[in-house]
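In order, the protein sequence lines correspond to chains E and V. The opening residue of the first sequence carries number 11 in our numbering; numbering runs sequentially from there. The opening residue of the second sequence carries number 3 in our numbering; numbering runs sequentially from there. Even glycine gets a Cβ: it sits at the ideal position worked out from N, Cα and C.
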Amino acid sequence: MALFHLQIVTPDRMVFDGQAESVLLRTVNGDVCILARHIDYAAPLGIGVARVTDENGKTRAAACSGGLLSVANGEVRVIATTFEWEDEIDLERAIRAQQAAEKRLQEMQEDDAQYEIAEAKLKRALIRQQVKG
Amino acid sequence: MAGSSMKDIKLRIKSVESTMQITKAMQLVATSKLRRAKERMESSKPYAAISREAVQAAVARCEDGNAPFLAVRPLKRRLYIIIAGERGLAGGYNNNVFKAVAAHVDGTEYCVLPLGRKAVDKYHRMGIELLSDRYMRVEGVSVGESYRIAQMVIAGYQEEKYDEVWLAGTSFRSMMSQEVVLEQLLPLVRPEETGEKRSPSTLYEMDAAETLQRIVPDFLAGRIYGALCDAFISEVSARRMAMDSASKNAEAMISELTLRYNRARQGAITQEITEIVAGAEQ
């Protein structure tokens, strides 16, 4: 399959920099899969599972949240807030985070300023478990 | 007389030696922290460059001058995010940042979000309104913490507590030189029209204004994280330099004092011999 240059960065590191076959991401409007020769494109990212197929045809899953997906002149860039490969995820920590977030959400009103943040935390914890499981 | 001055010199040598022990130890600590700080700084670089480009592309595309984060409000008040060190003894590191901010303020009303103990202390003493005084640490701040900082900054901006957000910190050039940087974060600055790099055919999932609204908080957090990494390595290398020259100074002082001590000792011996010889001749 045709390949393209993919870069995945988070504030603290370059997660991936190399040739890839495809990358599947959850944008704010749903899942999007980018293949080689995609039109120039930009979309904010949601919280979801990402799948990257590298030049050897091997697919890896990751938990990805926030940021932007951008395609410009055939260069694909995922500028994410968090991006963790499945083997980097700490399952116990994700479960603890889920429980903590659920507890907080129960104590809060829906119009609480912190509600959205707690909700995002819960979602991230669930996605991490989904990637791992 | 010779005896007491010898004692004085000896005491001084002792005290300089113990000071040198401290400066040497601090130099070693700084050197050992340097490597990790450098790794962190370097791995934060790609994000800084790539995200800046992406935001600028979205800004260039956004025609709506009143879009959030782009609209320029009449300037009533500024927020300065000021990154300084946790400790002193780093040459002019802390003061250089404070001086640059003071020069930039130029009579405008402002409030401060200090990051690093020295900055918190300084602006607290000056009686300036602080957004928060909780951020004492600079070393090893996580991405998550940078997010909370960015969220706080954006909340205040949206409530119109301040109309401009500036970031003041220190950027690492080399082990020998660090440079103070002052950068406007909000509202977003439109890049100079270059006319070449724009690709009008880009398909935006959302319109540019909405895209900006979504991504700016994320990128601000990334920017703050990068600035913290950059500032920390600057602090450590500034301290290493300062402690290095302090240790060298101490060494020079010790050798000079030792010379004086030996002269005094020899003088005393000569005097004693002269006295004994004079006594024997009588």
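Under 8 Å by beta carbon: chain V residues contacting residue 11 of chain E: Ordered by position in chain V, no residue passes the 8 Å Cβ test against residue 11 of chain E, which lies about 22 Å from the chain.
Chain-ordered neighbours of residue 3 of chain E on chain V, where CB pairs are closer than 7 Å: Residue coverage of chain E in this structure runs from 11 to 143, which leaves residue 3 of chain E outside it and unanswerable.
Alpha-carbon to alpha-carbon, residue 12 of chain E and residue 28 of chain E: 13 Å
Chain V contacts made by the stretch 66 to 88 of chain E, where a contact means CB separation under 9 Å: 76, 77, 78, 79, 80, 81, 82, 83 and 87
Sub-8 Å separation of residue 39 of chain E and residue 212 of chain V beta-carbons: Going by C-beta atoms, residue 39 of chain E is not nearer than 8 Å to residue 212 of chain V.
Contact between the stretch 39 to 55 of chain E and the stretch 70 to 86 of chain E (3+ Cβ pairs under 8 Å): yes
Buried versus exposed, by CB contacts within 10 Å (16 or more), residue 66 of chain E: Exposed, since its Cβ has fewer than 16 Cβ neighbours within 10 Å.
Reduced DSSP category for residue 33 of chain V - H, G, I as helix; E, B as strand; rest coil: helix
CB contact below 8 Å: residue 49 of chain E versus chain V: It does; some Cβ of chain V falls within 8 Å.
Buried or exposed by the 16-neighbour rule on C-beta atoms within 10 Å, applied to residue 205 of chain V: With fewer than 16 Cβ atoms within 10 Å of its Cβ, residue 205 of chain V is classed as exposed.
DSSP bridge partner residues for residue 51 of chain E (one or two, in chain order): E:81 and V:205
Residue(s) in a DSSP beta bridge with residue 113 of chain V: For residue 113 of chain V, which the question treats as bridged, DSSP gives the partners V:81.
Within chain E, the residues that residue 223 of chain V reaches when beta carbons sit closer than 8 Å: The contact set of residue 223 of chain V on chain E, defined by CB atoms closer than 8 Å, consists of 21 and 91 in chain order.
CB contact check: residue 29 of chain E to chain V, cutoff 8 Å: no
From E:14, E:133, E:73 and E:113, residue whose alpha carbon lies closest to that of residue 96 of chain E: E:73
Spatial distance of residue 289 of chain V from residue 56 of chain V (CA atoms): Outside the shown range of chain V (3 to 284) lies residue 289 of chain V, about which nothing can therefore be said.
Residue 205 of chain V: contacting residues in chain E (beta-carbon distance under 8 Å): 49, 50, 51 and 52
CB contact check: residue 38 of chain E to chain V, cutoff 8 Å: yes
Alpha carbon of residue 139 of chain E to alpha carbon of residue 160 of chain V, nearest angstrom: 34 Å
Members of the stretch 90 to 120 of chain E near chain V, C-beta cut-off 9 Å: Taking a C-beta cut-off of 9 Å against chain V, the contacting residues of the stretch 90 to 120 of chain E are 90, 91 and 92, listed in chain order.
Reduced DSSP category for residue 231 of chain V - H, G, I as helix; E, B as strand; rest coil: helix
Residue closest to residue 234 of chain V, alpha-carbon to alpha-carbon, out of V:87, V:254 and V:72: V:87
Residue 193 of chain V vs residue 71 of chain V beta-carbon contact at 8 Å: no
Near-chain E residues of the stretch 228 to 248 of chain V - C-beta to any C-beta below 9 Å: The residues in question are 228 and 231.
Any C-beta of chain V under 8 Å from that of residue 17 of chain E: yes
Three-pair Cβ contact test at 8 Å for the stretch 76 to 87 of chain V versus the stretch 116 to 124 of chain V: Below 8 Å, enough C-beta pairs join the stretch 76 to 87 of chain V and the stretch 116 to 124 of chain V to call them touching: three or more.
Start-to-end residues for the beta strand (DSSP E) that takes in residue 24 of chain E: Note, residue 24 of chain E: beta strand (DSSP E), 23 to 37.
Counterpart residues of residue 43 of chain E in DSSP-defined beta bridges: Residue pairing from DSSP places residue 43 of chain E in a beta bridge opposite E:34.
Residues from the stretch 27 to 56 of chain V in contact with chain E, defined by Cβ distance under 7 Å: 45, 46, 48, 49, 52, 53 and 56
As assigned by DSSP and simplified to three states, the class of residue 180 of chain V: strand
Where the beta strand (DSSP E) through residue 121 of chain E begins and ends: Run containing residue 121 of chain E: none; DSSP gives neither H nor E here.
Limits of the unbroken beta strand (DSSP E) element including residue 58 of chain E: 57 to 64
Chain E within 8 Å of residue 267 of chain V, Cβ atoms only: no
Helix, strand or coil at residue 88 of chain V according to DSSP, with G and I counted as helix: Three-state result, residue 88 of chain V: coil.
Classification of residue 108 of chain V by the beta-carbon crowding that lies within 10 angstroms, buried from 16 upward: exposed
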